[in-house]
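**Q** My questions all concern the structure below.
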Amino acid sequence: MRFMFGSSHPEFARMLARLGIVLGTVAIAGQYIFFQPLFRQMGLGPVSSAFGMLMFLTILTNLMLLAVYWSSLTATPGRISAFFGQTGVRTALAAHIALVAIVYVTAIRGQIALTPPMLVTDALLHYLAPAVYLTWWWQLPDKHVLGYSDVPRWMAWPVVYLCLIMTAGVSTGAFIYPILDVYRLGTDRVVLNIGLILGLLAAIGAALVFVARLQSAKSKAPAR
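Start counting the sequence shown at 165; every next residue gets the next number (the numbering used here).
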């Protein structure tokens, strides 16, 4: 029980950070390489497809996970590393990557035919990367600083992201996520989907705070 709820294990956390960097880099690079045929069908070249990938929350979140891992391994962090070194930021990203995985598995997976290499990178991004990061987050010290009042702040970036892609979708008529396509599903259904997504994110954030408090309480309890 000490291992599960007690203090952090720095060496294990560093190993997970290195693993996360390798997996994240391979997955994002593989996504870019193996999805080129699909990008070409969409009329995107090598450069425009790279920018197109940045429209997806999965890619953006996994890039930020890489920044968190690097910040945890940097001895003399700069401003960017210091930002991603904050426990609140790291926990927000834990909530975001968990949301990415759950929404993908329950609502998005299987809507596009994928080749075996595509399936591998897809699994790395949506399954293995979230699992590694959440395990790494579990090892974080100082999670006692987290509170339920942090959850609304953790939701700010996803809300901004949703506003941006909805604006882009309405303007162009093309929505990158089928569950947000107002022209196909109707406004009421999309509003419901957005509400469910944000509600799920709030629930995940609250669950992470609960776990953090439980860990802190267990670590302070006298050993038996």
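We put the beta carbon where it would ideally sit given N, CA and C, even for glycine.
(1) So, using beta-carbon positions, are residue 128 and residue 238 closer together than 8 Å?
(2) Can you tell me the Cβ-Cβ gap for residue 213 and residue 307, rounded? I've got them flagged as a contact below 8 Å.
(3) Thinking just about the alpha-carbon of each residue, which of 209, 229, 180 and 201 is nearest to the one in residue 393?
(4) By Cβ distance, which residues of its chain are closer than 8 Å to residue 333, with the 5 residues on each side in sequence left out?
(5) Under a three-way DSSP split, which group does residue 320 fall into?
(6) Enumerate, from N- to C-terminal direction, the unbroken beta strand (DSSP E) stretches of 3 or more residues contained entirely within the region 208-283.
(7) In its own chain, which residues sit with a C-beta less than 8 Å from the C-beta of residue 261, not counting the 5 before and 5 after it?
(8) Just verifying my parser: in three-state terms, what is the DSSP assignment at residue 374?
(9) Which same chain residues end up closer than 7 Å to residue 275 when comparing Cβ atoms and leaving out the 5 residues on each side of it in sequence?
(10) Is the Cβ-Cβ distance between residue 373 and residue 291 less than 8 Å?
(11) Looking at the structure shown, is residue 310 part of a helix, part of a strand, or coil, going by DSSP?
(12) Check this for me: beta carbons of residue 217 and residue 195, under 8 Å apart or not?
**A** So, from the listed chains and residues:
(1) Since the first residue shown for the chain is 165 and the last is 388, residue 128 is missing from the structure and cannot be characterised.
(2) About 38 Å separates the two Cβ atoms, so there is no contact after all.
(3) The question about residue 393 has no answer, for the chain in this structure spans 165 to 388.
(4) 339, 340, 344, 345 and 346
(5) helix
(6) none
(7) Cβ within range, chain order: 225, 226, 229, 293, 294, 297 and 298.
(8) Of the three classes helix, strand and coil, the one that applies to residue 374 here is helix, per DSSP.
(9) For residue 275, where only same-chain residues beyond five positions count, the Cβ hits under 7 Å are 342.
(10) Taking a C-beta distance under 8 Å as the contact criterion, residue 373 and residue 291 do not qualify as a contact pair.
(11) In the structure shown, residue 310 sits in coil (DSSP, three-state: anything other than H, G, I, E or B).
(12) yes
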